[in-house]
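K.L.:
Submitted below is the structure of interest, expressed as structure tokens.
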Amino acid sequence: METSSRAYHVYVGTYGTEHDHSLHVLSLQTSNLNLRYLSAVKGIRNPSYLTVNSTQDVVYACSEVEDGEVVSYRINEADHKLTEQSRQKTAGNGPCYVTLSTDETHLLTVNYGEGTTTVHQVLKDGSLGLLTDKVVYKQGSHPHTIMSIPKSKKYVVTDLGLDRLYLYEFNEQQGKLILLYDLKANAKSGPRHIAIADSHRKIYVVNEFNSKVAVYQYDASITKLELIQEVRTIPKSFEGVNYAADIHISHDMSYLYVSNRGHHSIGICKIDSNGLLTDAICVSSIGEWPRNFTLIPNENLLLVANEHSNTIVLMKLGRDGIPTYTGIEYPIKSPVCLKALPTI
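Letter by letter, the sequence shown follows residues 1 to 344 in this note's numbering.
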């Protein structure tokens, strides 16, 4: 598959102070693999996770600090500069993941440090309104992700601290999460990020501590989860310390990708016709501590945020799904989140 000629905007969250340019917007032109700076803003500490609305005129960021915040920014269509629009407390510390509800009327946030999930209204102009819900977990909880199951109002939360998965239904009118199912994961596995294949009714969870991907089946009514498979994200021969981090599925649903911090690699698993996985084949992330990565929509490209080596690396995916280094790198301090969207 050849890369088409399209332009993408890449939103980059980094670890930095409010005095740093910690939230960036880049441009990626796929025809010549040109990755360049567009804009950046100060005023937010550690914008460690981002999400963008469907009309691509508002970006939301969580500020991963003790007194956590979520911030919305208007995106200027002409120059793609960001202007702060609204800011709300998350009522918890260490927020590390944000997502919009499927109808984009609420922003859902997990607070890793405190062990809570919170919900804020999203007003018609995209700005953040009042807190509508706060879910408090047991002591030792460290929720890491909240993600919607496609074609439903169901959401999954991973709890890295308690080794649990929570399945919720979201009441859009009230802005509240209703617990449907609570599943214990394998001990000391550390469920972190999620990818979902609704055609297979599978949820793939990358486990930070045991460096495995756990495959869960959900029933037709999406009311319970069942663990059916686990595969490794790193070679059995690797004896060093590794913390698996991010996970994504290719557009054609043929491959699943994970990032490994410590092994410093991207792992590639084949997905069979039943949604089951092979053990990962690993290639270098061309940098240290690949905390986050993104697959460019409808393209055979992958961008990796190497936090400790301060680079974003562009890789090209072969017909076999294996990423290869393009030689393109973008220097940036402590990149930790990437969101790439085609220009409208």
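Heads up, the beta-carbon is just placed ideally off N, CA and C, and yes, glycines get one too. Just so you know, these numbers come straight off a predicted model, no measurement behind them.
List the endpoints of the continuous beta strand (DSSP E) containing residue 74.
P.N.:
69 to 75 is the span of the beta strand (DSSP E), which, as asked, contains residue 74.
K.L.:
Classify residue 144: buried if its beta carbon has 16 or more other beta carbons within 10 angstroms, exposed otherwise.
P.N.:
Residue 144 comes out buried.
K.L.:
Would residue 299 and residue 335 qualify as a contact pair, given that the criterion is a beta-carbon distance under 8 Å?
P.N.:
Cβ atoms of residue 299 and residue 335: not closer than 8 Å.
K.L.:
Would you tell me roughly how many angstroms separate the C-alpha atoms of residue 276 and residue 215, rounded to the nearest one?
P.N.:
Between residue 276 and residue 215, the C-alpha separation is close to 7 Å.
K.L.:
Could you give the first and the last residue of the continuous beta strand (DSSP E) run that contains residue 207?
P.N.:
First-last of the beta strand (DSSP E) with residue 207: 202 to 207.
K.L.:
Out of 191, 282, 154, 189, state which residue places its alpha-carbon closest to the alpha-carbon of residue 219.
P.N.:
It is 154 whose Cα lies nearest to the Cα of residue 219.
K.L.:
Measuring CA to CA, which of 90, 270, 138 is closest to residue 251?
P.N.:
For the residues 90, 270, 138, the minimum Cα distance to residue 251 belongs to 270.
K.L.:
Could you tell me which of 76, 339, 69, 288 sits nearest to residue 86, measuring between CA atoms?
P.N.:
Of the listed residues, the one whose Cα sits closest to residue 86 is 69.
K.L.:
What residue range does the beta strand (DSSP E) around residue 261 cover?
P.N.:
Start and end: 255 to 261.
K.L.:
Which residue from 290, 309, 313, 292 puts its Cα closest to that of residue 301?
P.N.:
For residue 301, the nearest C-alpha among the options comes from 313.
K.L.:
Between the stretch 220 to 234 and the stretch 259 to 269, are three or more C-beta pairs nearer than 8 Å?
P.N.:
Yes, they touch.
K.L.:
On the DSSP letters alone, give me the boundaries of the beta strand (DSSP E) that residue 211 sits inside.
P.N.:
Where residue 211 is concerned, there is no enclosing beta strand (DSSP E), given that its DSSP letter is neither H nor E.
K.L.:
Would a C-beta distance cut-off of 8 Å place residue 39 and residue 82 closer than the cut-off?
P.N.:
Yes.
K.L.:
When you compare only the Cα positions, how much space is there between residue 30 and residue 180?
P.N.:
Their backbone Cα atoms lie some 43 Å apart in a straight line.
K.L.:
Would a C-beta distance cut-off of 8 Å place residue 146 and residue 223 closer than the cut-off?
P.N.:
Their beta carbons are not under 8 Å apart, which means residue 146 does not touch residue 223 by this criterion.
K.L.:
To the nearest angstrom, report how far apart residue 77 and residue 56 are at their CA atoms.
P.N.:
Roughly 9 Å separates the two Cα atoms.
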